[in-house]
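A.B. asks: Take a look at this one; I'll ask things after.
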Amino acid sequence: MEKERLFRLSAKKLTELLSKREISNLDIVNDVVERTQEVEPIVKSYITTNMHGAIASAKKIDKLIYKSIFKGNKVEPLMGIPIAIKDNISTEGMHTTCGSKILAGYRPIYNATVIKNLKNSKIVIMGKTNMDEFAMGSSTENSSFWSTHNPWNLSNVPGGSSGGSAAAVAVGEVILALGSDTGGSVRQPASLCGVVGLKPTYGLVSRYGLIAFASSLDQIGPITRNVEDCALLLNVIAGHDPLDSTSVLKEKEDYTEYLKQNINGLKIGLIKELMGKGISNSVKDSVYKAMDLFSSLGAFCEEVSLPSLKFALSAYYIIAPAEASSNLARYDGIRYGLRAKRVKSFRSMYRKTRSKGFGDEVKRRIMLGTYALSRGYYEAYYLQAQKVRTLIINDYKRVFRNFDVLISPTTPTVAFKIGERSEDPLTMYLSDACTIPVNLAGIPAISIPCGVDNGLPIGLQIMTPHFKEGLLIKTAYNFEKNFSFKLKPLYKKYRE
Amino acid sequence: MEKISIEDVKHVAKLAELDLTEEEINKFVDQLNIVLEHAGKISEIDTSGVEPTSHAIDFKNVFRDDIVKKSVNKEDALSNSQKIVQDLFELPLMIEE
Amino acid sequence: MDFEIKIGLETHVELLTDSKMFCGCSTKFGSPPNTQTCPICLGHPGTLPVINKKAINYTIKVALALNCKIANFTQFHRKNYFYPDLPKGYQISQYDLPVGLNGYLDIELDGNKKRIRISRVHIEEDTAKLIHFGKTGRISEAVGSGLDFNRSGIPLLEIVSAPDIENVEQAKAYVVLLKRILEYLEISDCNMEEGKFRIDTNISVRKKEDIYSKVRTELKNLNSFRFLEKGLSYEIKRQKEILSKGQKLYMETRHFDSETMTTKPMRVKEVAEDYRYFPEPDLVPMIIDKKWVEEIKKTIPELPYRRAKRIKEQYNLPNNDVQIITSTKEMADFFEFCAKTYPYPKKISNWITGDMLYYLNQEQIQIEECKIKPQNLVEMLRMIDKGLISGKIAKSVFKDMFKTGEMPETIVRRKGLEQISDVEKISNIIDEVINGNPDVVKQYLSGKEQVLAFFIGQVMKKTKGKANPRIVNDILKKKLKRMSF
Ligand SMILES: [Mg+2]
Ligand SMILES: [Zn+2]
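Protein chains in written order, with this note's numbering: chain D, 127 to 622; chain P, 30 to 126; chain W, 205 to 689.
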């Protein structure tokens, strides 16, 4: 029988083995590198890999681990664990493209705050993962470079926009990953790849160094294979950052503490509006079964209505493009990135650079957002959308008076075929119908696997009030412990 | 909501500094209309008396003190630009078309 | 033909903070290009702004000094437009909720007061500096351009007046007073050459009967008081001429050309400007409560017009003196320092508005930069009062003090300039002069008393100006009188 490969193990398990000195950090990194070499040509999770850099880091960390153990200290959580970073997070000196040609060749001169946090914890960065250009998309097909394939079924999408991160974690190219979530971009690909994805409360994780899509909605979140690893990674990246004015001043929590608690007596509401038209039967079925499981664990489950959610998608497709149209104005060819050649004036430099550098979906959203902010339309679109957002927030506040957590499907369907929706923006936008309201309300949400249909995973979304990530983790962990699910891609051989 | 026209698309493209081909313009007219029709549903909601929300979290008065921090060195500042002249980011002529 | 002229001024002022508006880079002027930048003020992807509190404090301070209402709730907006000097493609500025609203500034022209309303005082960030290569550095002759981001993100105050100004003189009076107030507040050094105090104007000239005309011209690049005067005058003349010919004016932005002293059209906008303002999502709103406003109020010094009024009354000085003395805070401080230890304010004022001003202008420096300190002047005035030096000698002592900063006593001693009050010594010299000029004595005796001045001049010449003039006068008259008998 083949020896159990390290890339399949959880971060928690790997730390145990490191502590016992049964393996070295280099063993872990080598195994992950080997797996990447096996599957990367087929899955294509990465835009940029950092294999040599990672091996060098692992060697240094091995020395630190040795010293630490020699002194009788424990190996710090996540020390030496390989992580993949979505390519819209700024890494000093390491190619960062946001999945766009307009940033091809860009090497940031600074690290995002989350990257500093990872480095402080001695987590090993394996590379930068593929994504929909500027995080605009739900399939990773909008990457300017190539599409990433769903490791469960290579002809399907991995979801998006953090598709590269989710696929890499699911297939074992890496143990942990970071994604970003503006309208579901962590949770949706996590759901379609059968892994765990968490979007923190707006303001819990610093956005400094996250290349902006929609500033009032963006959050960086962990993508992992289980809830415990998710809690460990959240411990590292959460916390106040003076460089981000929207970062909350709040004492640090140890989210693993919540893993010890049960959910007896917990009040769970299933959002009625997210179980209607457009949700496939298999998905509904799994969510109802999840409700039964929660009930069996001592929780009270009930359906609950948030009528304003009907308008969430509409409001989102005004607010997000509007902010994006402004955030993407800085790509002008002057200070970094692509610059069109042979231009006569700076205006033609702008136009040629931006027209060449941005892909279709990005242009579409810039157009949409510019229109929604333009004279004569601002009140009807942008301002009205911001008011609808108030209604959505109030709706959540109201139901959270009676419920501790809310649940819904993460996505309306399992992963769709590559190419199936790429020419139809509206249908593509509907893939995020269940995740978008959460971003508008700023609340935290997690997606965890809750079933499989036709060889493709189904995700359950759990939501809590602002800054109740602990409760979120507790609820998800209790479910995960009592639900049997196998992450098949980890055991798949992609080459004969 | 009114429909977006070819002229609207051209105007918006200018505001956003995008050069669109005729083909792109035609495609965007159709696609933007479909999306706007859907997004326009928000106009059905009565929001009288409702305050707009910019952030879901209610933060106020976040400041920094007036303290000078080290700037990056010039080489780093200029390192990602395609064209540098005399330590300046070079531009095409400042004429407007 | 009767015309009505309306002028509104938009003033941009760089604040005197140590660090930039939204990042920690230094605001120091004149460093080599692109050495005071960071990912934030270069607009790199993923960076975020954080508000410099001192800049907000300064904005409140100015708004209060200009009699504005301070917004209780205020926030930043993004002003979206593309221009190479704007790294993010938007300027973080203020829109419908500026820090200060609805203030005023009272100017005085020939003794007449006029109130100019201030529509708003808001805070924003400065842009990068565009540099044009070419022989002249002028846009029209440039062979290329480049960007220096040292200026990018420096806190920039915008003060917008209502179109209440009716002529060039009022415009100038407004700007002079505004600049003086800002200097008094010590929130900017207002150096116009360094672009820290910049004026844009809106001018509309219309025929009196044309009450519905709303056409106005924006005029930019008026970076000195002289250019402001020349530019406005030219523009008013140009517009009047066009209207007199029965032609129409249209909305445009014009650029003042300091070579030709004329204005030229800058750009005809192809798209009507649409800045697509929306609340800056990377920043959070500010609540300026009463307590905060009170704290800032305490930091506001007595402002020029109040001070002028007080100085006039307290020291009983003529208007002209008061105007000069209060033209800068430092000069007023100098005067009041002296007045604290010396009891004759008019004498102090005479020296400041006379010799002091003359030398300051000659050297092109400010009073705080010159070597004379209040103690020097006071000491010198006392020496005059005690008869130790004459007024005339004092003038040369002052000149020396201005050069060296030495105390007057030291100069007088070093140069042997003590006044001669010794009656016998003076008497002997007078005898010499009388005996040496019998013809002139004859003239005097025949009734031509004007020649007395001649004798005094001669005595002074012989004593190198050191003889006490009062004593010379007395003895001379007595001696001549005796001769007439
Ligand atoms: Mg301005
Ligand atoms: Zn900076």
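The beta-carbon is built from N, C-alpha and C at its ideal position, and this holds for glycine as well.
Just to confirm before moving on: does the CB-CB distance between residue 455 (chain W) and residue 497 (chain W) stay below 7 Å?
C.D. replies: In the third sequence, residue 455 (chain W) corresponds to position 251, counting from 1. In the third sequence, residue 497 (chain W) corresponds to position 293, counting from 1. Going by C-beta atoms, residue 455 (chain W) is not nearer than 7 Å to residue 497 (chain W).
A.B. asks: Would you decide whether residue 657 (chain W) is buried or exposed? Buried here means 16 or more other CB atoms lie within 10 Å of its CB.
C.D. replies: Position 453 of the third sequence, counted from the start, is the residue given in the question as residue 657 (chain W). In this structure residue 657 (chain W) is exposed. Its beta-carbon is surrounded by fewer than 16 other beta-carbon atoms within 10 angstroms.
A.B. asks: Say whether the region 151–160 of chain D touches the region 183–195 of chain D, bearing in mind that this needs 3 or more beta-carbon pairs closer than 8 Å, one atom from each stretch.
C.D. replies: yes
A.B. asks: Looking at residue 439 (chain W) and residue 467 (chain W), is the spacing between their C-beta atoms short of 7 Å?
C.D. replies: The count along the third sequence starts at 1 and reaches residue 467 (chain W) at position 263. The count along the third sequence starts at 1 and reaches residue 439 (chain W) at position 235. In contact: residue 467 (chain W) and residue 439 (chain W) (Cβ atoms closer than 7 Å).
A.B. asks: Helix, strand or coil: which one does DSSP assign to residue 263 (chain W)?
C.D. replies: Counting from 1 along the third sequence, the entry for residue 263 (chain W) is found at position 59. Looking at residue 263 (chain W) - three-state DSSP - the assignment turns out to be helix.
A.B. asks: Please state if the CB of residue 345 (chain D) and the CB of residue 331 (chain D) are separated by a distance shorter than 7 Å.
C.D. replies: Translated into positions along the first sequence, residue 331 (chain D) becomes position 205. Translated into positions along the first sequence, residue 345 (chain D) becomes position 219. Their beta carbons are under 7 Å apart, which means residue 331 (chain D) touches residue 345 (chain D) by this criterion.
A.B. asks: What's the gap between the Cα of residue 369 (chain D) and the Cα of residue 201 (chain D)?
C.D. replies: Numbered from its first residue, the first sequence carries residue 369 (chain D) at position 243. Numbered from its first residue, the first sequence carries residue 201 (chain D) at position 75. Rounded to whole angstroms, residue 369 (chain D) to residue 201 (chain D) spans 30 Å at the Cα level.
A.B. asks: Is it the case that the CB of residue 244 (chain W) approaches a heavy atom of ligand 2 more closely than 6 Å?
C.D. replies: Taking the first residue of the third sequence as position 1, residue 244 (chain W) is located at position 40. At least one heavy atom of ligand 2 is nearer than 6 Å to the Cβ of residue 244 (chain W), so yes.
A.B. asks: Could you check whether the Cβ of residue 114 (chain P) sits closer than 7 Å to any Cβ belonging to chain D?
C.D. replies: Taking the second sequence and counting its residues from 1, the one referred to as residue 114 (chain P) is at position 85. No, no contact with chain D.
A.B. asks: Please list, in chain order, the residues of the region 561–582 of chain D that have any C-beta partner in chain P closer than 9 Å.
C.D. replies: Result list: 565, 566, 567, 568, 569.
A.B. asks: Counting only beta-carbon atoms, is residue 292 (chain W) nearer than 7 Å to chain D?
C.D. replies: Taking the third sequence and counting its residues from 1, the one referred to as residue 292 (chain W) is at position 88. So, interface residue.
A.B. asks: Please confirm whether any heavy atom of ligand 3 lies closer than 6 Å to the CB of residue 52 (chain P).
C.D. replies: Annotation note on ligand 3: not contained in the displayed structure, which lists ligand 1 and ligand 2 as its ligands.
A.B. asks: Would you check if the distance between the CB atom of residue 488 (chain D) and the CB atom of residue 257 (chain D) is smaller than 7 Å?
C.D. replies: Walking along the first sequence from the start, residue 488 (chain D) turns up at place 362. Walking along the first sequence from the start, residue 257 (chain D) turns up at place 131. Result no, Cβ atoms of residue 488 (chain D) and residue 257 (chain D) do not sit closer than 7 Å.
A.B. asks: For a test of the three-state rule: what should DSSP assign to residue 447 (chain D), helix, strand or coil?
C.D. replies: Stepping through the first sequence from its first residue, residue 447 (chain D) is reached at position 321. Helix, per DSSP.
A.B. asks: In the DSSP assignment, find the unbroken beta strand (DSSP E) run with residue 306 (chain W) in it and report its ends.
C.D. replies: By 1-based counting over the third sequence, the position of residue 306 (chain W) is 102. Note, residue 306 (chain W): beta strand (DSSP E), 304–313.
A.B. asks: Within 7 Å of any Cβ in chain P, is that where the Cβ of residue 607 (chain D) sits?
C.D. replies: In the first sequence, counting from the first residue as 1, residue 607 (chain D) sits at position 481. No, no contact with chain P.
A.B. asks: Check residue 114 (chain P) in the structure and name its three-state DSSP category.
C.D. replies: Your numbering for residue 114 (chain P) matches position 85 in the second sequence. In the structure shown, residue 114 (chain P) sits in a strand (DSSP, three-state: E or B).
A.B. asks: Within the same chain, show all residues whose beta-carbon is closer than 7 Å to that of residue 606 (chain D), passing over the 5 residues directly before and after it, in chain order.
C.D. replies: Sequence index remark: in the first sequence, residue 606 (chain D) carries index 480 (1-based). For residue 606 (chain D), where only same-chain residues beyond five positions count, the Cβ hits under 7 Å are 352, 353, 574.
A.B. asks: Going by the DSSP bridge assignment, what does residue 684 (chain W) pair with across the sheet?
C.D. replies: If you number the third sequence from 1, residue 684 (chain W) lands on position 480. None; residue 684 (chain W) has no bridge partner.
A.B. asks: Would you list the one or two residues that DSSP bridges to residue 590 (chain D)?
C.D. replies: Against the first sequence, residue 590 (chain D) aligns to sequence position 464. Per DSSP, none; premise fails for residue 590 (chain D).
A.B. asks: Taking residue 465 (chain D) as the query, report the chain P residues whose CB atoms sit under 9 Å from its CB, ordered along the chain.
C.D. replies: To locate residue 465 (chain D), count along the first sequence from 1; it is residue 339. Ordered by position in chain P, the residues that pass the 9 Å Cβ test against residue 465 (chain D) are 110, 111, 112.
A.B. asks: Just checking: is the beta-carbon of residue 558 (chain W) within a distance shorter than 7 Å of some beta-carbon in chain P?
C.D. replies: Numbered from 1 along the third sequence, position 354 holds the residue referred to as residue 558 (chain W). Chain P contact via Cβ: absent.
A.B. asks: Would a C-beta distance cut-off of 7 Å place residue 567 (chain D) and residue 522 (chain D) closer than the cut-off?
C.D. replies: Here residue 567 (chain D) refers to the residue found at position 441 when the first sequence is read from its first residue. Here residue 522 (chain D) refers to the residue found at position 396 when the first sequence is read from its first residue. Closer than 7 Å, so yes.
A.B. asks: So, under 8 Å CB-CB, residue 173 (chain D) and residue 227 (chain D) are touching, yes? Tell me the CB distance rounded to an integer number of Å.
C.D. replies: Along the first sequence, one-based indexing puts residue 173 (chain D) at 47. Along the first sequence, one-based indexing puts residue 227 (chain D) at 101. Not quite, the Cβ-Cβ distance comes to about 12 Å (not below 8 Å), so this is no contact.
A.B. asks: Cβ of residue 598 (chain W) within 7 Å of Cβ of residue 611 (chain W)?
C.D. replies: As a working note, residue 598 (chain W) is residue 394 in the third sequence. As a working note, residue 611 (chain W) is residue 407 in the third sequence. Their beta carbons are not under 7 Å apart, which means residue 598 (chain W) does not touch residue 611 (chain W) by this criterion.
A.B. asks: Ordered along the chain, which non-local residues of its own chain (more than five positions away) have a Cβ less than 6 Å from that of residue 481 (chain D)?
C.D. replies: Within the first sequence, residue 481 (chain D) is the residue found at index 355, counting from 1. Result list for residue 481 (chain D): empty, nothing under 6 Å.
A.B. asks: Can you tell me which of W:636, W:628, W:593 puts its alpha carbon nearest to the alpha carbon of residue 617 (chain W)?
C.D. replies: For this step, residue 617 (chain W) is matched to residue 413 along the third sequence. Residue 617 (chain W) has its Cα closest to that of W:593, out of W:636, W:628, W:593.
A.B. asks: For residue 367 (chain D), which residues does DSSP report across the bridge?
C.D. replies: Start at 1 with the first residue of the first sequence, and residue 367 (chain D) comes out as number 241. Paired residue(s): none; residue 367 (chain D) is not in a bridge.
A.B. asks: Where residue 246 (chain D) and residue 285 (chain D) are concerned, what is the direct C-alpha to C-alpha distance, given to the nearest angstrom?
C.D. replies: For this step, residue 246 (chain D) is matched to residue 120 along the first sequence. For this step, residue 285 (chain D) is matched to residue 159 along the first sequence. So the two alpha carbons sit approximately 31 Å from each other.
A.B. asks: Closer than 8 Å by beta-carbon distance: list the chain P residues that pair up with residue 469 (chain D), in chain order.
C.D. replies: Taking the first residue of the first sequence as position 1, residue 469 (chain D) is located at position 343. Neighbours of residue 469 (chain D) on chain P, chain order: 121.
A.B. asks: Tell me the rounded alpha-carbon separation between residue 230 (chain D) and residue 619 (chain D).
C.D. replies: Taking the first residue of the first sequence as 1, we reach residue 230 (chain D) at position 104. Taking the first residue of the first sequence as 1, we reach residue 619 (chain D) at position 493. Straight-line Cα distance between these residues: approximately 32 Å.
A.B. asks: Can you list, in chain order, the residues of the region 473–500 of chain W whose Cβ is nearer than 7 Å to any Cβ on chain D?
C.D. replies: 478, 480, 482, 485, 486, 487, 488
A.B. asks: Does the beta carbon of residue 445 (chain D) sit closer than 7 Å to a beta carbon anywhere in chain W?
C.D. replies: As a position in the first sequence, residue 445 (chain D) is number 319, starting the count at 1. For residue 445 (chain D), the answer is no, since every Cβ of chain W falls outside 7 Å of its Cβ.
A.B. asks: With DSSP as the reference, label residue 164 (chain P) as helix, strand or coil.
C.D. replies: Any property of residue 164 (chain P) remains undetermined from this structure, which presents chain P solely from 30 to 126.
A.B. asks: Please list, in chain order, the residues of the region 74–106 of chain P that have any C-beta partner in chain W closer than 7 Å.
C.D. replies: 83, 84, 88, 89, 90, 91, 92, 93, 94, 95, 96, 97, 98, 100, 101, 103, 106
A.B. asks: Going by the C-beta, is residue 394 (chain W) closer than 6 Å to any heavy atom of ligand 2?
C.D. replies: Walking along the third sequence from the start, residue 394 (chain W) turns up at place 190. No, since every heavy atom of ligand 2 falls outside the 6 Å radius drawn around the Cβ of residue 394 (chain W).
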